[in-house]
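Chains as they are written, first to last, in our numbering: chain A, 27 to 139; chain B, 31 to 142. Notes follow the structure.
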Amino acid sequence: GQNIDQPTEMTATEGAIVQINCTYQTSGFNGLFWYQQHAGEAPTFLSYNVLDGLEEKGRFSSFLSRSKGYSYLLLKELQMKDSASYLCAVRAYSGGGADGLTFGKGTHLIIQP
Amino acid sequence: DAGITQSPRYKITETGRQVTLMCHQTWSHSYMFWYRQDLGHGLRLIYYSAAADITDKGEVPDGYVVSRSKTENFPLTLESATRSQTSVYFCASSEGPGREQYFGPGTRLTVT
């Protein structure tokens, strides 16, 4: 089985930086995704890490350490529109072909003025 | 170009009824997925499909049936709806394993 943990809720200030952590335990790890989901909407893709290290994409960066089963999503220059849930999702190869993703419960990020 | 669509967007049904949720994508993506999202559980995979006529179970498949006769469609059927199947259902598609998944707008299903 797989287990993914991330904080339930975080609060940050507009213009600041916030780091959302995700830890996972899984066999056959084959990549980690971050998605953003605004209330009442579908998840949208933010980043994908399959190798160790940092991936940077504009104001968003994602880091992966496979040996530690750890990832984080870093959001810089926070804007009010960044208020959303951030979902960590792991892909694990089952040996039977393509897998769907296993999602954490999501971190609800609240941005304050 | 609509991308990925789901219908209906909202559905109320009674316990024991059969319900089919539709999913259609215009990208010709090989892979399609069905998830349900519930408070306290996050998104959970119900079924997925790697290609037409190939489907496989996910984490919570009981009570659900899928088919995929055409690449662009992936309907999800609740054969005899139960209250525990009240949820928001998301369909997703991707070009292949390890590629980003694109989610449809979701179907909010209430079983009374």
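Where is the CB? At the ideal position from N, CA and C, for every residue including glycine.
Do residue j and residue i count as a contact pair if the criterion is CB distance below 9 Å?
i: I34/B; j: L139/B; result: no
i: E102/B; j: S58/B; result: yes
i: L75/B; j: T34/A; result: no
i: S144/B; j: F120/B; result: This structure leaves residue 144/B out entirely; chain B is present only between 31 and 142.
i: I30/A; j: E103/A; result: no
Taking the beta carbon of residue i as the centre, do at least 16 other beta carbons fall within 10 Å, making it buried, or is it exposed?
i: K107/A; result: exposed
i: Q32/A; result: buried
i: H54/B; result: buried
i: Y77/B; result: buried
i: L106/B; result: buried
i: A68/A; result: buried
i: R98/B; result: buried
i: K100/B; result: exposed
i: R113/B; result: exposed
i: S110/B; result: exposed
i: V65/B; result: Per the sequence presented here, residue 65/B reads as Tyr, with Val not at that position. Buried.
Consider the Cβ of residue i: report whether some Cβ of chain A lies at a distance smaller than 9 Å.
i: G46/B; result: no
i: L73/B; result: yes
i: G136/B; result: yes
i: P105/B; result: no
i: P91/B; result: no
i: Y132/B; result: yes
Nearest CA to the CA of residue i: which residue from the options?
i: S60/B; options: T137/B, G136/B, Y132/B, V141/B; result: Y132/B
i: T70/A; options: C114/A, K94/A, S53/A, Y119/A; result: C114/A
i: L100/A; options: A68/A, G66/A, Y61/A; result: Y61/A
i: V116/A; options: G95/A, A110/A, E103/A, H134/A; result: G95/A
i: S73/A; options: A65/A, H64/A, L90/A, G66/A; result: L90/A
Would you say residue i faces chain B, with C-beta separation under 9 Å as the test?
i: Y112/A; result: no
i: N56/A; result: yes
i: R92/A; result: no
Sufficient close CB pairs (3 or more, under 8 Å) joining the segment 80-89 of chain A to the segment 131-138 of chain A = no
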